[in-house]
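Chains as they are written, first to last, in this note's numbering: chain A, 10 to 90; chain B, 61 to 289.
Virtual Cβ for every residue (Gly too), placed ideally from N, Cα, C.
Only a predicted model underlies this, so the values are computations on that prediction, with no experimental measurement involved.
Only one structure is covered here, and it is reproduced in the block below.
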Amino acid sequence: MKARILVSFKDSVLDPQGQAVRNALHTLGYDAVKDVRQGKVFDLELGDVTRAEAERLLPEIAGKVLANVVIEKYAWQILGD
Amino acid sequence: MKFGVVVFPGSNCDADAYHAFRDVLGKPTTYLWHKDHDLKGVDCVILPGGFSYGDYLRSGAIARFSPLMREVCEFADKGGLVLGICNGFQVLLELNLLPGAMLRNKRLKFLCQYVTIRIENDKTAFSRKGTKGQVLRIPIAHFDGNWYAPPETVKEIEDNGQVVFRYCDTEGRLSEESNVNGSLNAIAGLSNKRGNVCGMMPHPERAVESILGSEDGLVILRSLLEKIS
Chain A
10 MKARILVSFK DSVLDPQGQA VRNALHTLGY DAVKDVRQGK VFDLELGDVT RAEAERLLPE
70 IAGKVLANVV IEKYAWQILG D
Chain B
61 MKFGVVVFPG SNCDADAYHA FRDVLGKPTT YLWHKDHDLK GVDCVILPGG FSYGDYLRSG
121 AIARFSPLMR EVCEFADKGG LVLGICNGFQ VLLELNLLPG AMLRNKRLKF LCQYVTIRIE
181 NDKTAFSRKG TKGQVLRIPI AHFDGNWYAP PETVKEIEDN GQVVFRYCDT EGRLSEESNV
241 NGSLNAIAGL SNKRGNVCGM MPHPERAVES ILGSEDGLVI LRSLLEKIS
């Protein structure tokens, strides 16, 4: 089973890297871009687990290890079997 | 007073810390391997600087799960002295032994330079050999030292006197410019509420002999020689 976890800064936390990317886009003339938030993508290959088990495991892994919940938020999705 | 320096894969200031405590201060000092479950009877644990596990995921995030960290947490819970320097500070934040988290430096640059820091609280086990307001010249070398916490946490640690060091100019004044990495309230080092765990980004172990450019780090390291009464 494949799953994806997305980690990015909370809205309340300044993201200087995202701002640098936004500024670069503006320099290139992409003025339509109002804001950029940079994050991380984790693609996980899960072994022999049921969908229910995956739904329990993914937020646990994300909250405990992949994201630092002081500054980051996470989202997860199951991509397919 | 016996010191233990934890060694993770990627630690690179472990030998500096070992030298500072053993050779400069003349105290019994031992290395503590991160995979062991033994603190070897030390009175103070040092988490040194470096790039444990290559800083993968986040600085300090993987070191947090090293076997020895269980013993370090138990040791801290019992009131044992723990000092985290640079990457060691990041590990303490990831372990939740200290509040907050590190963001990338405000100008997105790795900073390797001398800074001046001011002692904010001279009653702690990490600063008692100094005096409040004293300015220390100590080097930093980090990419992620921009300390952040939610406003209520910042207020709490300020109210509790947990801020041990702040970035300042050479006269001890706070300014936007002297807060090199952008840390909230210019915090360079802080302790837990109980006062037995401290993390700091500057490297006192690199400022212990005049040939190195500064001896100011001795104020901090010598503070550790007496146990908290």
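Min CB distance residue i to chain B below 8 Å
i	result
isoleucine 80 of chain A	yes
glutamine 47 of chain A	no
glutamine 86 of chain A	no
Chain A contact for residue i (CB, 8 Å cutoff)
i	result
alanine 246 of chain B	no
alanine 123 of chain B	no
tyrosine 227 of chain B	no
alanine 209 of chain B	yes
valine 65 of chain B	no
arginine 118 of chain B	yes
serine 289 of chain B	Because serine 289 of chain B carries a pLDDT of 43, less than 50, the predicted location of this residue cannot be relied on, and no value is offered for it.
Beta-carbon spacing of residue i, residue j below 8 Å
i	j	result
arginine 226 of chain B	isoleucine 198 of chain B	no
cysteine 73 of chain B	phenylalanine 186 of chain B	no
valine 223 of chain B	leucine 250 of chain B	yes
glycine 148 of chain B	proline 88 of chain B	no
leucine 99 of chain B	glycine 64 of chain B	yes
valine 175 of chain B	valine 240 of chain B	yes
serine 126 of chain B	glutamine 150 of chain B	no
phenylalanine 68 of chain B	serine 112 of chain B	yes
Reduced DSSP category for residue i - H, G, I as helix; E, B as strand; rest coil
i	result
proline 57 of chain B	Because chain B here runs from 61 to 289, residue 57 of chain B falls outside it and cannot be looked at.
threonine 89 of chain B	strand
aspartate 52 of chain A	strand
isoleucine 179 of chain B	strand
serine 274 of chain B	strand
glycine 144 of chain B	strand
isoleucine 198 of chain B	strand
glycine 242 of chain B	coil
arginine 118 of chain B	coil
serine 289 of chain B	Legend: pLDDT at serine 289 of chain B = 43, less than 50; position of this residue unreliable, no value from coordinates given.
glutamine 222 of chain B	coil
leucine 171 of chain B	strand
glycine 101 of chain B	coil
arginine 164 of chain B	coil
Expected contact under 8 Å - CB spacing of residue i and residue j to nearest Å
i	j	result
leucine 75 of chain A	alanine 12 of chain A	Their Cβ separation, rounded to whole angstroms, is 12 Å, which puts leucine 75 of chain A and alanine 12 of chain A out of contact at 8 Å.
alanine 80 of chain B	leucine 281 of chain B	6 Å
alanine 84 of chain A	leucine 23 of chain A	Between leucine 23 of chain A and alanine 84 of chain A the Cβ distance is about 20 Å, and since that is not below 8 Å, they are no contact.
leucine 152 of chain B	cysteine 133 of chain B	The pair is not a contact, with the Cβ atoms about 10 Å apart (cut-off 8 Å).
isoleucine 145 of chain B	isoleucine 179 of chain B	No, isoleucine 145 of chain B and isoleucine 179 of chain B are not in contact; Cβ-Cβ is about 16 Å, not under 8 Å.
Open item on the list: For the segment 155 to 170 of chain B, list every residue whose C-beta sits within 7 Å of some C-beta in chain A, in sequence order.
Closed with: Those would be Gly160, Ala161, Leu163, Arg164, Lys166 and Leu168, in chain order.
- [ ] Output, in sequence order along the chain, the residues in the segment 21 to 44 of chain A whose CB is closer than 9 Å to any CB in chain B.
- [x] Correct list: Ser21, Val22, Leu23, Asp24, Pro25, Gln26 and Ala29.
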